[in-house]
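Residue numbers (the working numbering): 58 to 526.
One structure below.
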């Protein structure tokens with residue numbers, strides 16, 4: 058029941074993230090079931106921790122009040138979602154409930170890590186366990202590739218992502234972990250069982266392994282651009298503070314050489330994978346002809362078919378409500394006017410949801426959301442931060458995304474106020490939190506993914522501690 062045991066529990070939870078992800082992938086793809094050991098382990102750890110804190114401390118009323126707010130919001134959202142469901146909806150009330158539970162657990166985990174580690178002397182140990190998780194991630198990926206059991210990043214067979222469900226998700230986890238790992242190269246406050254030389258060697262090998270995977274193997278722009286951005290930003294920070302304080306010239310030189318090698322090698326190998334993917338997408342762009350214009354369509358074949366059915370009056374409101382139909386017509390008009398590429402699905406989804414809010418004209422849906430899974434499958438909003446606002450409403454945006462935004466603004470404000478105390482670690486943690494926003498917006502499913510969610514929470518916890526210190 059002691060705090061130290063809670064700390065160890067949360068440390069272990071970070072270390073086993075890749076194992077839980079591998080279990081999820083294996084049970085879903087090998088045993089063809091949606092239930093795996095990770096289904097039970099992921100929620101049970103924060104539940105045990107919060108129960109211990111709840112019965113041990115004296116702020117029970119506040120805890121119950123906050124839980125009540127999230128509970129009332131969740132219930133209201135689900136009631137409105139049920140009313141919005143139609144024949145064209147992508148999911149069920151149970152599916153929507155899963156999103157509410159996942160995002161609520163995200164806030165619960167954020168509270169746990171901040172509460173336990175904000176003043177703990179062992180908070181620095183979080184970095185070690187992020188490194189352990191990163192090692193397991195990258196070693197398992199290479200084992201999967203060498204044994205020929207790796208899954209492909211794309212359905213066309215392009216890229217490799219190991220025994221993990223999503224290429225973008227594994228890229229996000231590794232990119233965010235780099236924001237924690239790189240400053241550790243010169244962190245002398247950490248204590249190790251091995252010599253510092255061996256530890257630094259091991260960390261460099263881990264970072265190189267991650268870099269090779271992100272730039273040459275996985276085949277995503279998220280991996281390639283994210284890795285280069287993080288490394289370049291780190292080296293710029295080191296260069297700036299070296300010129301300012303004359304520190305770490307060896308790391309600056311070694312990092313510059315490593316970056317040059319990675320960019321050259323990565324550019325040669327990754328270009329082939331990315332070009333294959335880009336060529337496939339370009340072929341898709343011209344594969345559908347819009348009968349209304351006689352030219353290549355700027356929306357998908359399914360959306361084009363829906364548009365034609367709407368104009369012909371063939372869709373009844375039980376299958377698709379009138380506001381949704383009008384939003385599709387507005388999307389079609391915008392896509393043609395701006396000549397959007399057929400493959401820019403996320404932009405099409407965003408345009409549709411902006412128009413849907415305008416068409417619905419409903420204060421309840423604006424406040425509590427019109428439902429993430431209430432829409433046609435192709436129009437489910439993958440951009441996560443806009444989804445918080447449109448699908449979960451203004452209240453959902455404040456409850457789920459607001460805490461992370463507030464922590465970032467607080468840290469940025471304090472960094473500007475005390476700029477003379479800013480160092481590379483602070484800048485990298487700030488970059489990691491900013492990248493989590495960018496990846497959530499551009500790639501999606503960043504905060505929803507259980508493992509990248511924990512990585513974001515660790516980044517915010519470390520940044521908060523660094524800022525308050």
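Think of the CB as a built atom: it goes at the ideal place given N, C-alpha and C, for glycine as much as any other residue.
Because the structure is a prediction, the values reported are computed rather than measured.
Is residue i buried or exposed, if buried means 16 or more other CB atoms sit within 10 Å of its CB?
i           : result
residue 234 : buried
residue 463 : exposed
residue 475 : exposed
residue 513 : buried
residue 206 : exposed
residue 328 : Unreliable placement is indicated for residue 328, whose pLDDT of 47 sits below 50; the coordinate value is still reported in the next sentence. That one is exposed.
residue 520 : buried
residue 295 : buried
residue 381 : buried
residue 524 : buried
residue 258 : exposed
residue 503 : buried
residue 526 : exposed
residue 279 : buried
residue 477 : exposed
Just to confirm the assignment, what range does the beta strand (DSSP E) spanning residue i have?
i           : result
residue 255 : Segment 253-269 is the alpha helix (DSSP H) holding residue 255; no beta strand (DSSP E) there.
residue 218 : 217-219
Short check: CB of residue i to CB of residue j, under 7 Å?
i           : j           : result
residue 74  : residue 190 : yes
residue 103 : residue 165 : yes
residue 186 : residue 369 : no
residue 497 : residue 78  : no
residue 141 : residue 431 : yes
residue 377 : residue 143 : yes
residue 112 : residue 120 : no
residue 485 : residue 242 : no
residue 246 : residue 192 : no
residue 445 : residue 410 : no
residue 195 : residue 267 : yes
residue 441 : residue 501 : yes
residue 456 : residue 130 : yes
residue 80  : residue 94  : yes
residue 63  : residue 215 : no
residue 163 : residue 510 : yes
Please look up how many angstroms separate the CB atoms of residue i and residue j, rounded, as I've assumed it's under 8 Å.
i           : j           : result
residue 171 : residue 518 : 6 Å
residue 346 : residue 367 : Actually they do not touch by this definition, with Cβ atoms about 19 Å apart.
residue 407 : residue 361 : Contact flag wrong, Cβ pair sits at about 18 Å.
residue 481 : residue 284 : Not confirmed; about 18 Å, so no contact.
residue 236 : residue 516 : 6 Å
residue 220 : residue 83  : 7 Å
residue 67  : residue 169 : 7 Å
residue 218 : residue 210 : 5 Å
residue 479 : residue 405 : The pair is not a contact, with the Cβ atoms about 41 Å apart (cut-off 8 Å).
residue 422 : residue 453 : In fact, because the Cβ distance is near 11 Å, the residues do not count as touching under 8 Å.
residue 522 : residue 179 : Going by Cβ atoms, the distance from residue 522 to residue 179 rounds to 11 Å, so no, they are not a contact pair.
Could you spell out the range, first to last residue, of the alpha helix (DSSP H) harbouring residue i?
i           : result
residue 185 : 182-203
residue 133 : 117-141
residue 100 : 94-113
residue 88  : Per DSSP, residue 88 belongs to no alpha helix (DSSP H) and is neither H nor E.
residue 483 : 481-499
residue 383 : 379-395
residue 413 : 402-417
residue 527 : A question about residue 527 goes unanswered here, because the residues of the chain that appear run from 58 up to 526.
residue 275 : No alpha helix (DSSP H) holds residue 275; DSSP gives it neither H nor E.
residue 240 : 224-241
residue 468 : 459-474
residue 374 : Premise fails: residue 374 is in no alpha helix (DSSP H) and is neither H nor E.
residue 439 : Note, residue 439: premise wrong, no alpha helix (DSSP H); not H, not E.
residue 161 : 150-174
residue 521 : 507-525
residue 425 : 420-425
residue 450 : 450-453
I'd like to know whether the C-beta of residue i is nearer than 7 Å to at least one C-beta of chain B.
i           : result
residue 137 : Absent from the structure: chain B. Only one protein chain is present.
Three or more C-beta pairs below 8 Å linking the stretch 222-237 and the stretch 463-474: no
Sufficient close CB pairs (3 or more, under 8 Å) joining the stretch 198-216 to the stretch 148-159: no
Sufficient close CB pairs (3 or more, under 8 Å) joining the stretch 135-143 to the stretch 81-97: no
Sufficient close CB pairs (3 or more, under 8 Å) joining the stretch 413-422 to the stretch 395-405: no
Cβ contact (3+ pairs, closer than 8 Å) linking the stretch 387-397 and the stretch 419-434: no
Inter-stretch contact (C-beta, 8 Å, three-pair minimum) for the stretch 242-258 and the stretch 270-282: no
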